[in-house]
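So the protein lines, in turn, are chains L and A.
Just so you know, we're using my numbering here: the first sequence kicks off at 20 and counts up by one.
Just so you know, we're using my numbering here: the second sequence kicks off at 6 and counts up by one.
All C-beta atoms in this analysis are idealised placements derived from N, C-alpha and C, irrespective of residue type, glycine included.
Reviewing the structure listed below.
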Amino acid sequence: MAGVTGPVLGRRRLLVSAAAVVALPPVLAACSPGTDRRADASEALLAMADAARRDAALVAAAVTSDPALAGRLEPLRAARLEHAAALDEAGGRPPGAAPVPATPQAADVAAVRDSVDGSARTASEVVIEASALQAGLVAEVAACCAAYVVALQ
Amino acid sequence: MNRHLVPAQDGGGQDGTEQPSAQVAKEALQRSLAGEHAAIWAYSTALAFLPPDAASRARTELEAHRTLRREVSEALTELGERPVSAQPAYTPPQPVVDELSASALLVTAETDAAAAWRSLVERAPSREMRQAGLTRMIESTVRCAFWRRATDRSPAIPVFPGRS
Chain L
20 MAGVTGPVLG RRRLLVSAAA VVALPPVLAA CSPGTDRRAD ASEALLAMAD AARRDAALVA
80 AAVTSDPALA GRLEPLRAAR LEHAAALDEA GGRPPGAAPV PATPQAADVA AVRDSVDGSA
140 RTASEVVIEA SALQAGLVAE VAACCAAYVV ALQ
Chain A
6 MNRHLVPAQD GGGQDGTEQP SAQVAKEALQ RSLAGEHAAI WAYSTALAFL PPDAASRART
66 ELEAHRTLRR EVSEALTELG ERPVSAQPAY TPPQPVVDEL SASALLVTAE TDAAAAWRSL
126 VERAPSREMR QAGLTRMIES TVRCAFWRRA TDRSPAIPVF PGRS
C-alpha cells in the first residue's frame with residue numbers, strides 16, 4: 020500500500036512560499052492589465068504530453084517486470100495517458116498525431132518515481148509561463164504528478 | 006445535495022478604480038480564504054470521529070490550514086481588502102457520525118481547497134502569486150489523497166486535481 024506518511028512537502032517550504040503571498044502589494048501594483056506577457060506555451064504543452072506517454076510506458080515496463088505492482092501503479096499509468104490526451108488537445112495536436120514512445124527495457128518503482136518527479140517539476144515551471152487559459156490544466160498535471168511522487172516514496 | 010462546503014463566489018465588488026486583474030486576484034484570494042475557513046471547520050469537526058493515527062494526522066493538517074488562513078488573511082489586509090469571515094456553520098455533504106463520514110468530510114474540504122487554489126493559479130497576476138497558488142494546490146492534493154484512500158475512493162489521486 021502506497022501510504023502517504025507525514026506532511027511530506029513540509030512546513031518549511033510552505034512558509035517560504037508564504038512570503039510570496041505576503042509580498043503581494045508591490046507585485047500587484049506593478050502588474051499591468053492584460054495577459055500578453057505570458058507567451059503561448061503550446062510547444063511546452065506538447066512536450067509535456069510526450070513526457071506523459073513516456074511515463075505511462077515506463078509504468079507498463081515496471082508492471083511487466085513485477086506484476087504485483089499493477090495495483091499500485093496502474094492508476095498512475097491511466098492518469099498519465101489522460102494527461103497526454105488533454106495536453107495534446109490544449110497544444111493543438113490532432114488526435115493520433117502524437118509520437119509513440121520507445122518501449123523501456125525495464126523499470127522499477129524508483130525509476131517511475133524519478134520520471135514522474137521530473138514531469139512534475141517541468142509542469143511547475145511551465146505553469147508560470149502559461150497563459151491563464153492553459154495554467155489550470157498544467158497546474159492539474161503538476162499537482163497529480165507531485166502527489167504520485169509522494170505516494171511512491 | 007451540495008457537494009461543496011463553500012458556495013462558489015462569483016464576481017461582484019468591482020468599483021471601477023482598480024485594474025481588473027488585481028481585483029480578480031483579490032477575489033481568488035478571498036475564495037481561497039473561504040476554503041481555508043471551511044477546511045478548518047471540517048478538520049475540527051472530523052477530529053472527534055477519527056482513530057488515533059488519523060486524528061494525529063488531522064491535527065497536523067488542521068494546523069497547516071490555520072497557518073494558511075492567517076497568511077491569506079494578512080495578504081488580503083495588506084491589499085486593502087477585508088478578509089472574508091468564516092461562516093457560522095457549514096453543511097457537510099452527509100452527516101458526520103463515524104470515521105468514514107468524517108474522512109469523507111475531509112475529502113470534500115480538501116477537494117474544495119484544491120479547487121480554490123487552482124482558481125488562484127489561473128487568476129494570479131504575478132509569477133510569485135501563481136507559484137504560491139500551485140504550491141498550495143499540490144499540498145492540498147497530497148492531503149486529499151490520504152483521505153480519499155481512507156474512504157476507498159479510486160483513484161486516490163485525482164487525474165485532474167482541483168477541477169470542478
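- If the five residues before and after A:V29 are omitted, its C-beta is found closer than 7 angstroms to the C-beta atoms of R128, all from its own chain and listed in chain order.
- When the alpha-carbon of L:P94 is set against those of A:G167, A:S169, A:P160, the nearest one is in A:P160.
- If you draw a straight line from the Cα of L:V168 to the Cα of A:G138, it comes to about 19 angstroms.
- Contact annotation: L:A80 and L:P123 have beta-carbon atoms nearer than 9 angstroms.
- In summary, the residues of the segment 140-171 of chain L whose CB is separated from some CB of chain A by less than 7 angstroms are S143, V146, I147, A151, A154, G155, A158, E159, A161, A162, C163, A165, A166, Y167, V169, A170, in the order they occur in the chain.
- A Cβ of chain A is located within less than 9 angstroms of the beta carbon of L:P94.
- Apart from sequence neighbours up to five positions away, the residues of its chain that approach A:L38 with a beta-carbon distance below 8 angstroms are R74, V77, S78, L81, P88, V89, ordered along the chain.
- The DSSP assignment places no complete run of the alpha helix (DSSP H) inside the segment 41-66 of chain A (cut-off: 4 residues).
- Ranking L:R132, L:S150, L:A121, L:A109 by CA distance to the CA of L:C163 puts L:R132 first.
- Residue-level contact check: A:L111 does not touch chain L, since none of the beta carbons of chain L fall below 9 angstroms from its beta carbon.
- Taking 9 angstroms as the CB threshold, L:E101 lines the interface with chain A.
- Cβ-Cβ distances below 7 angstroms link A:V101 to T50, A51, F54, A107, L110 in the same chain, with the five nearest sequence neighbours on each side left out; the list follows chain order.
- Remark: C-beta atoms of L:A158 and A:V147 do not approach each other more closely than 9 angstroms.
- Chain A has a Cβ within less than 9 angstroms of the Cβ of L:A105.
- As summarised for the segment 55-124 of chain A, the continuous alpha helix (DSSP H) elements at least 4 residues long and confined to that stretch are 57-83, given in chain order.
- Looking at A:S26, A:A59, A:A33, the one whose alpha-carbon comes closest to that of A:R154 is A:A59.
- At a cut-off of 9 angstroms between C-beta atoms, L:A97 counts as an interface residue with respect to chain A.
- Listed by position along chain L, the residues whose Cβ is nearer than 8 angstroms to that of A:S159 are P94.
- Cβ-Cβ separation between L:A71 and L:A109: approximately 12 angstroms, too far for a contact (criterion under 8 angstroms).
- Under the three-state reduction of DSSP output, L:D136 falls in the helix class.
- Assignment of A:R36 by DSSP, reduced to helix, strand and coil, places it in the helix class.
- The closest CA to that of A:P93, considering only A:A43, A:W152, A:A33, is found on A:A43.
- Between the C-alpha atoms of L:A165 and A:P166 there is a straight-line separation of about 11 angstroms.
- Residue environment for L:L152: exposed (fewer than 16 other C-beta atoms within 10 angstroms of its C-beta).
- If you keep only unbroken alpha helix (DSSP H) runs of at least 4 residues inside the segment 73-121 of chain L, you get 89-109.
- Listed in chain order, the non-local C-beta contacts of A:L105 below 7 angstroms within the same chain comprise T156, local neighbours out to five positions each way being set aside.
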